[in-house]
Amino acid sequence: MSLRRLPLLLALALSIPLSAHAIEFSADELQRAKALQQRLLTLDSHLDTPANFGRDGFDIDNRHDHNALSQVDYPRMVEGALDGGFWAIYTGQGDRSPAAHLRDRDAGLQRLLEIRTMLAANRERFALALTPADAVRIKADGKRVVFISMENASPLVADPSLLSFYHQAGLRMLSTVHFANNEFADSATNPKGPEWDGLSDAGKALVREAVRLGIVIDQSHASDAVFDDLVEMMPVPFVLSHSSAKAVHDHPRNLDDARLRRLAKAGGVIQVNAYGGYLVDPGKSEARKQAEEALSKRLGGWGKMDIAQGVELQRGEEELDRQFPVRHASLDDFFAHMGHILDVVGPEHVGIGLDWDGGGGLTDLRDVSELPKITAWLLRRGYDDKQIAGIWGGNLLRVMQQAQAHADKQGT
Ligand SMILES: [Zn+2]
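Under mature numbering (1 follows the signal peptide of the UniProt record, and there is no 0), read the sequence shown as residues -22 to -1, 1 to 390, first letter to last.
The following block contains the structure:
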């Protein structure tokens, strides 16, 4: 045994990490990574940023540093070389009463209007993309790419025929469900477990209609049984817009290796998430949860805060970290998930959906300005430009192309 191996064995025996240092990149590596991103189309498949469009004081043209409500704006997109992505119409799951269904319907339409209003007010910097070719053209024009997606189909429960209107207004990706079950599908995280054993009949009809229209189906947040239903019924590949690996952290929102392989076999793509609670166990105490709720309530509730209050929220959260420490996920944790998924399915079936402005972000990847760190890691891992282009959006757009070609063939 060489002496050099001794520290390794000792460390293993004592279960001490060999290095307490988090991953770091040199200025040269980051510069090279950013230059590569500037040449490629660089898309994130899950931006919750539209939740900020209606907030008082939010202007996408301004930087919002050190603000717990904001990780994405035009200046930081330029700094991190992010061309755009899928901007979500997110609706929190209501209580499923008839009145809640109408509220969800209106909330979805309101968010759609806010996205279109942002686009109309920023024609010089942003443009709506309806097809993969649009995204390429928009980048060539020097603008940022806005595909519209929907997270949680609850706005469609009251009137599923609204899907056709959303499609006309630009919707190109649809997820069925969020944190709790709805009329269409079982959630991966419903407190009382499954209700439909996958998709309900209404959910299957909704998915069929989305496929007919050429809308990409997004499995993130839905239960494994929904995944299995989709594999069975989908004539085209589907995606997970922001999910990670169950083998690395056993959380119901993450996908197991067998399903990862089935997804890839069906031609689909998983976009790796940076939502800390899905990457590691944060070990959040009941006292911390209550303190977080009290903080949010003191500032008027997450949905009602103006953008300036995000700075106060940030300071409050930092204070809570001192009082009730939790384990925050870092890039090392994210790369453990991404590396595992890349090893299982290969770079043609992996992408990036970091849940920005929806709870995503890491201790050393706080906002989109730091994205070249991910590209630097991919370069270190030895992927070539073409593979990295696939991961940064090409794979996802391949699925979209297939969805749209299928719809065209059916004569939509
Ligand atoms: Zn989500």
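A virtual CB, placed ideally from N, CA and C, is assigned to each residue, including glycine. Source: prediction; values computed, not measured.
Residue i beta carbon near ligand 1 (any heavy atom closer than 7 Å)
{"i": "Glu173", "result": "no"}
{"i": "His220", "result": "yes"}
{"i": "Asp362", "result": "no"}
{"i": "Ser198", "result": "yes"}
{"i": "Asp335", "result": "no"}
{"i": "Glu129", "result": "yes"}
C-alpha gap between residue i and residue j, whole angstroms
{"i": "Lys5", "j": "His(-2)", "result": "The sequence given here has Ala at residue 5, not Lys. The straight-line gap from Cα to Cα measures roughly 17 Å."}
{"i": "Gly176", "j": "Pro213", "result": "18 Å"}
{"i": "Ser142", "j": "Ser75", "result": "24 Å"}
{"i": "Met378", "j": "Ala272", "result": "42 Å"}
{"i": "Ser221", "j": "Thr167", "result": "13 Å"}
{"i": "Asp103", "j": "Asp362", "result": "Before going further, note that residue 103 is Arg rather than Asp in the sequence given. Taking the straight line from one Cα to the other gives about 30 Å."}
{"i": "Asp235", "j": "Val155", "result": "22 Å"}
{"i": "Ile285", "j": "Asp43", "result": "11 Å"}
{"i": "Gly317", "j": "Ile38", "result": "33 Å"}
{"i": "His227", "j": "Leu257", "result": "6 Å"}
{"i": "Met(-22)", "j": "Val56", "result": "For Met(-22), the predicted structure reports a pLDDT of 45, less than 50, and the residue's modelled location is therefore unreliable. The matter cannot be settled from this model."}
{"i": "Ala158", "j": "Pro169", "result": "7 Å"}
Residues near residue i by beta carbon distance below 6 Å, same chain, minus five either side
{"i": "Ala381", "result": "Gly192, Val194, Val214"}
{"i": "Gln309", "result": "Note that residue 309 is Leu in the sequence shown here, rather than Gln. Within the same chain, Leu309 has close Cβ partners Ile1, Leu340, Asp342, Leu343."}
{"i": "Val323", "result": "Leu238, Ala242"}
{"i": "His327", "result": "Ala242, Val247"}
{"i": "Glu129", "result": "Ala66, Tyr68, Ser153"}
{"i": "Gly86", "result": "Ile67, Thr69, Pro133"}
Reference residue i, options the options, closest by Cα
{"i": "Asn232", "options": "Met211, Asp259, Ala107", "result": "Asp259"}
{"i": "Leu60", "options": "Arg33, Ser48, Lys117", "result": "Lys117"}
{"i": "Ala163", "options": "Gln146, Leu149, Arg190, Val135", "result": "Val135"}
{"i": "Glu295", "options": "Asp37, Gly35, Asn45, Asn30", "result": "Asn45"}
{"i": "Ala131", "options": "Met55, Ala180, Phe125", "result": "Ala180"}
{"i": "Ile352", "options": "Gly337, Leu332, Gly336, Lys364", "result": "Leu332"}
Other residues of its chain near residue i: CB distance less than 7 Å, five sequence neighbours each side excluded
{"i": "Gly58", "result": "Val346, Ser347, Glu348, Leu349, Pro350"}
{"i": "Ala188", "result": "Leu141, Leu152, Ile195"}
{"i": "Ala107", "result": "Ala113, Ile116, Val123, Val124, Phe125"}
{"i": "Phe3", "result": "Lys351, Ala354"}
Beta-carbon proximity list for residue i, same chain, < 8 Å, skipping 5 on both sides
{"i": "Arg33", "result": "Leu47, Met283, Asp284, Ile285"}
Would the segment 80 to 88 count as touching the segment 55 to 72 if we require 3 or more Cβ pairs under 8 Å? yes
Quick check: the segment 187 to 201 against the segment 214 to 227, are at least 3 beta-carbon pairs closer than 8 Å? yes
Three Cβ pairs or more, each shorter than 8 Å: is that satisfied between the segment 16 to 23 and the segment 58 to 66? yes
If we count Cβ pairs, one from each stretch, closer than 8 Å, do we get three or more for the segment 222 to 232 versus the segment 248 to 256? yes
At a cut of 8 Å, does the segment 262 to 271 reach the segment 346 to 357 through at least three beta carbon pairs? When C-beta atoms of the segment 262 to 271 are compared with those of the segment 346 to 357, fewer than three pairs fall below 8 Å, so the two segments do not count as touching.
Three-pair Cβ contact test at 8 Å for the segment 357 to 375 versus the segment 127 to 142: no
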